[in-house]
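These notes are about the structure you will find just below.
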Amino acid sequence: MVEPLSHGVPLAFLADPLEELCNRLLRVATESDIDFDVALVTRELETRTLLDHLPDFIYVKDRRSRFIFANAAAARNGKFHIGSDMTGKTDFDFLDHGTARELFAVEQEIMSTGVAVEGREERVKLADGRVLWLTTSKMPLRNADGQIVGLVGISRDITERKRQDDRRHGHARLLEMIARGQPLQAVLDALVRTAEDELDGITASVLFLEGDRLRHGAATRLPPAYVKLIDGIRIGPEVGSCGTAAWRRSPVFVKDVLADPLWQDYRELAIRFGFRSCWSTPILAPDGRVLGTFGLYSDSPREPTDLELELTAMATDIAGIAIERARNEERIRHMAHHDPLTGLPNRTLFWAQFGRTLHEAHRESRKVTVAYIDLDNFKRINDTLGHAAGDEVLKTLASRMEGCIRASDLLVRLGGDEFAIVFSNPNHDETGVVRRLQDLRAAIASPVVIEGKSIIATCSMGIAFFPQDGDTPETLLARADRAMYEAKDMGRNRLCVSAGEGV
1 MVEPLSHGVP LAFLADPLEE LCNRLLRVAT ESDIDFDVAL VTRELETRTL LDHLPDFIYV
61 KDRRSRFIFA NAAAARNGKF HIGSDMTGKT DFDFLDHGTA RELFAVEQEI MSTGVAVEGR
121 EERVKLADGR VLWLTTSKMP LRNADGQIVG LVGISRDITE RKRQDDRRHG HARLLEMIAR
181 GQPLQAVLDA LVRTAEDELD GITASVLFLE GDRLRHGAAT RLPPAYVKLI DGIRIGPEVG
241 SCGTAAWRRS PVFVKDVLAD PLWQDYRELA IRFGFRSCWS TPILAPDGRV LGTFGLYSDS
301 PREPTDLELE LTAMATDIAG IAIERARNEE RIRHMAHHDP LTGLPNRTLF WAQFGRTLHE
361 AHRESRKVTV AYIDLDNFKR INDTLGHAAG DEVLKTLASR MEGCIRASDL LVRLGGDEFA
421 IVFSNPNHDE TGVVRRLQDL RAAIASPVVI EGKSIIATCS MGIAFFPQDG DTPETLLARA
481 DRAMYEAKDM GRNRLCVSAG EGV
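Quick note on numbering: the UniProt record's numbering labels position 475 of the sequence shown as 475, and the sequence is numbered without any gaps.
Listed below in structure tokens is the structure:
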């Protein structure tokens with residue numbers, strides 16, 4: 001008797017016909033050791049039509065794991081004609097060798113021990129490279145004397161379910177990375193790898209839109225030379241797939257980059273790197289702004305499949321969430337450390353960076369200069385012209401000061417009309433720093449035009465030097481502040497060093 005299996009197949013409906021089929025096949029196979037009359041077997045299979053209509057793979061094998069029967073679903077999967085084409089074949093004839101060897105070992109164990117296997121998930125790689133996931137039950141087949149002479153197998157194709165599960169898990173993993181505050185680059189790299197692992201023969205990339213140019217975001221498999229060549233490309237109505245998608249704010253699917261006019265200026269590039277089709281979708285913020293693009297490249301000219309479109313939709317959603325969150329966090333960090341009016345670093349960032357600068361200067365035995373700057377009579381500007389005009393003056397003067405310093409210097413707004421600058425360039429001596437501050441003072445004193453009115457704002461400056469005037473940020477700033485007040489006492493619109501000398 002063949003024991004019914006219970007793994008999702010309608011076996012109450014199938015058990016009796018399958019048992020009768022196995023018994024008939026068993027009689028023929030036992031008598032002829034598989035060298036039997038196929039026509040005879042075919043006549044005996046009254047239940048074949050029933051089994052061929054089932055979507056599951058149903059098959060019977062002898063002791064050497066050779067097929068003596070396979071229904072239509074199993075035969076189609078093996079790319080054999082229904083009927084005798086599979087008779088006498090083994091898994092080694094149409095599966096990857098490693099997969100066939102593993103399945104053979106499992107089946108021989110079943111037939112040696114007499115212990116059935118139920119609901120076993122199997123990853124099956126076909127000879128053509130395709131991968132299937134099956135849930136399989138196999139049981140030993142006995143003759144009338146109770147001897148095990150083969151096995152019966154029933155397998156259900158769960159490939160699509162596994163793909164959907166993997167997709168959901170991948171989706172959840174990426175969202176968890178975002179929720180845990182993982183760096184944007186790590187999230188986008190994982191997103192690209194997830195898409196590439198799910199799709200065959202596909203290379204993925206993410207580009208950021210900065211102004212009117214696309215910048216490299218993530219591309220784990222794109223050739224570095226290609227990434228470098230397209231980094232910074234300006235978007236437009238005929239700029240490949242990605243540049244056009246960002247320009248149109250809608251997906252662009254190019255079936256053949258060698259024939260499509262959108263790629264007319266980039267065909268040589270496509271030929272060089274072996275790309276034949278490229279599909280790009282804009283990544284959008286919740287308010288509709290274009291944040292970048294998600295692109296898929298294929299080495300064959302074709303349209304995207306439904307699966308590729310589904311993954312693209314998922315990828316662009318997640319990329320949009322990740323990019324927008326990262327930029328919001330960056331804006332929050334910027335707001336926490338920068339003055340909202342002028343955009344300059346604030347006191348919080350000043351103390352942190354000033355401390356690091358002094359630590360490095362002490363280690364490298366070099367000097368540091370700090371300047372304290374206060375605008376003269378700024379209250380009069382606010383009182384006579386209003387705070388809005390005063391804010392415009394502050395923004396203009398802050399911009400002028402930024403233009404007078406170098407990247408290695410630190411300019412901050414301490415509050416109100418007070419600013420500070422830390423000079424850490426070791427190539428300048430004290431005289432050179434004083435000369436640069438005099439130039440800055442002259443730039444501040446240039447007229448500012450607000451609503452047709454010319455406003456002149458001067459400033460008083462005080463400076464202190466590390467290490468002679470102190471070795472902590474607090475001490476040096478206090479010395480510079482005191483020197484600034486000495487400059488005001490000396491008539492304003494001048495610079496005073498901490499020793500009390502006015503310039």
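C-beta atoms are modelled at their ideal positions from N, C-alpha and C, and glycine is treated no differently. Note that this is a predicted model, so its numbers are computed, not measured.
Q.
What does the Cβ neighbour count give for T475, buried or exposed, with the cut at 16 atoms within 10 Å?
A. Exposed, because fewer than 16 other Cβ atoms sit within 10 Å of the Cβ of T475.
Q: Can you give me the Cβ contacts of K488 inside the same chain, cut-off strictly under 8 Å, excluding the 5 residues immediately before and after it?
A: If we look at K488 and ignore the five residues flanking it on each side, its Cβ neighbours are D374, D376 and S460.
Q: Pull up the distance between the alpha-carbon of S300 and that of D260, whole angstroms please.
A: S300 and D260 have their C-alpha atoms spaced approximately 14 Å apart.
Q) Whole-angstrom Cβ separation of M139 and L126, contact assumed at under 8 Å? A) 24 Å between Cβ atoms; not a contact.
Q: Assign I34 to one of three DSSP states: helix, strand, or coil.
A: For I34, the predicted model reports a pLDDT of 46, less than 50, meaning its position is unreliable; a value from the coordinates is still stated below. Annotated three-state conformation of I34 is coil, per DSSP.
Q. Of the choices T357, Y372 and R327, whose alpha-carbon is the least far from that of S365?
A. Checked all of T357, Y372 and R327; the closest Cα to S365 is T357.
(Q) By alpha-carbon positions, which one of D265, C278 and R327 ends up nearest to A285? (A) Residue R327 holds the alpha-carbon nearest to the alpha-carbon of A285 among D265, C278 and R327.
Q. Straight-line CA distance for D56 to R130?
A. R130 has its alpha-carbon roughly 18 Å from the corresponding atom of D56.
Q: Under 8 Å Cβ to Cβ from K162, same chain only, skipping five residues before and after it: list those, please.
A: Closer than 8 Å at Cβ, skipping near neighbours: W133.
Q.
Please classify L211 as buried or exposed, where buried requires at least 16 neighbouring CB atoms within 10 angstroms.
A. At residue 211 the sequence reads Gly, which differs from the Leu that was named. So G211 ends up on the exposed side.
(Q) Let's test the definition: count the other Cβ atoms within 10 Å of the Cβ of D287 and tell me whether it reaches 16, buried, or not, exposed. (A) D287 is exposed by the Cβ-count criterion.
Q) Leaving out the 5 sequence neighbours to the left and right, which residues in its chain are closer than 7 Å to W351 when beta-carbon positions are compared? A) Cβ neighbours of W351 beyond the five flanking positions: P473.
Q: Give the secondary structure of P140 by DSSP, where H, G and I count as helix, E and B as strand, and everything else as coil.
A: Strand, per DSSP.
Q | Three-state class that DSSP yields for E486 in the structure shown | A | DSSP places E486 in the helix class (H, G or I) of the three-state scheme.
Q.
Residues in the same chain with beta-carbon distance under 8 Å from E198, minus the five sequence neighbours each way, listed in chain order, please.
A. The answer, listed in chain order, is R163, D166, R167, G170, L307 and L311.
Q: Mind checking which residues open and close the beta strand (DSSP E) that includes L151?
A: Residues I148 to D157.
Q. Which same chain residues, not among the five before or five after V449, have their C-beta less than 8 Å away from its C-beta?
A. The residues are I455.
Q) What residue range is occupied by the uninterrupted alpha helix (DSSP H) comprising F354? A) Per DSSP, the continuous alpha helix (DSSP H) segment holding F354 begins and ends at R347 to E364.
(Q) Could you tell me the alpha carbon to alpha carbon distance between L207 and N346, rounded to whole angstroms? (A) If I take the Cα positions, the gap works out to 32 Å.
(Q) Could you pull the DSSP bridge partners for G415 from this structure? (A) Under DSSP, the beta-bridge partners assigned to G415 are E418.
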